[in-house]
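My numbering numbers the first residue of the sequence shown as 6 and each following residue consecutively. Only one structure is covered here, and it is reproduced in the block below.
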Amino acid sequence: MRVPAKVNVQLAVGGVRPDGFHDLANVFLAVGLYDHVTAAPAGPGAGCAVTCEGPGSDRVPLDRGNLAVRAAELLAAHHGRAPDVRLHIAKDIPVAGGMAGGSADAAGALLACDALWGTATPRHVLLELCARLGSDVPFSLVGGAALGRGRGELLTEVPVSGTFHWVFALADGGLSTPEVYRACDRRRGAAPVPEPEPDPALLAALREGDPRALAARLANDLQPAALALRPSLADTLAAGRAAGALAGLVSGSGPTCAFLAADADAAAALAASLEASGTCRAARATTAPASGAVLR
Ligand code: C5P
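See the structure below:
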């Protein structure tokens, strides 16, 4: 299964809920960086084993801390069967990078196991299982562009025209999503937090395929917290803007920084400038929207 990364073009974060999550207005866009997840048969009683290769794979847990393992076990339990499978993850999505790599692996594992075991799980059930695994997992399955409400798992499709050109500045090491949310809460203190609402101008920019209008509306409420935890990201954002990006922002909870470019040539030049700037580990140019999880 090939599963895309995401960038949040709008991440509006509400107050903390009684369950510890935050209500969101989360506009997801799937982008052309992919993990590949494969499932191979394992003998009776073998359980679920996982191997991983690619950049940062030494930081990927190979036990139940891996969301792909939990996905295989959840699907097996749903069908009352043993979770005997050998999963392999070839990573290209930055690990703990704010681009939903772990969620992508979970969505990929669900589909790969469903195909291997012949369990033919209906799409709406797969989406329910995804939501139980994590807030971003349903979006990894569907891809494209979507508005996520609730904690991000309640999706409605968002229409998009044309192709948007992005450059991602990859950082060394990751950031912990719960830590970034906690830092966001601390920074807000006791101030009242408005209900998160999707931005109509941003949705119009996506619908019309207008990169300049989208650039003007990119917004991430987690960005100040991510910058406080990783101050060097301010240099990365400044380098991208100086090199001609239409706009830049921290992707999700970071530390990957995302830059919108006017076209493919501008994106290639921006990626080269960012790499030369020394403010990131690597820079990758790609396009959006990308398809959701597909057999590949
Ligand atoms: O849903 P997921 O397991 O990906 O969330 C990871 C962590 O991110 C949660 O444990 C929580 O700390 C934080 N989170 C949140 N509000 C959301 C989504 C995630 O506080 N809407």
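Ideal Cβ positions, reconstructed from N, Cα and C, are used throughout, including at glycine.
- DSSP lists Ala45, Ala54 as the bridge partner or partners of Arg91.
- Excluding sequence positions up to five before and after Met104, its CB lies within less than 8 Å of the CB of Ala10, Lys11, Val12, Val36, Leu38, Ile98, Phe173, Ser256, Gly257, Thr261, all in the same chain and listed in chain order.
- In the DSSP assignment, Cys135 falls within the unbroken alpha helix (DSSP H) covering 128–138.
- Nearest to Tyr186 by C-alpha distance, out of Leu234, Pro203, Val165, is Leu234.
- A residue is called buried once 16 or more other Cβ atoms fall within 10 Å of its Cβ, and Gly102 is buried on that count.
- Here DSSP, grouped into helix, strand and coil, assigns His170 to strand.
- The Cβ atoms of Ser140 and Val8 do not sit closer than 7 Å to each other.
- In chain order, the residues with a C-beta atom nearer than 6 Å to some heavy atom of ligand 1 are Phe26, His27, Leu29, Gly139, Ser140, Asp141, Arg156, Gly157, Thr182, Pro183, Tyr186.
- Contact annotation: the region 231–248 does not touch the region 207–216, with fewer than three C-beta pairs closer than 8 Å.
- Residue pairing by DSSP places Gln15 opposite Val32, Ala224 in a beta bridge.
- Listed in chain order, the non-local C-beta contacts of Ser166 below 7 Å within the same chain comprise Arg212, Glu213, Gly214, local neighbours out to five positions each way being set aside.
- Rounded to the nearest whole angstrom, the C-alpha separation of Leu121 and Thr161 is 29 Å.
- Taking a 10 Å sphere around the C-beta of His41, we find 16 or more other C-beta atoms and assign the residue as buried.
- In terms of Cβ geometry, Val55 and Leu92 form a close pair [threshold 7 Å].
- Counting C-beta atoms within 10 angstroms of its own C-beta, Ala281 has fewer than 16 neighbours from the protein chains shown and is therefore classed as exposed.
- A Cβ-Cβ contact shorter than 7 Å links Val32 with Leu152.
- The continuous beta strand (DSSP E) containing Val255 extends over residues 252–255.
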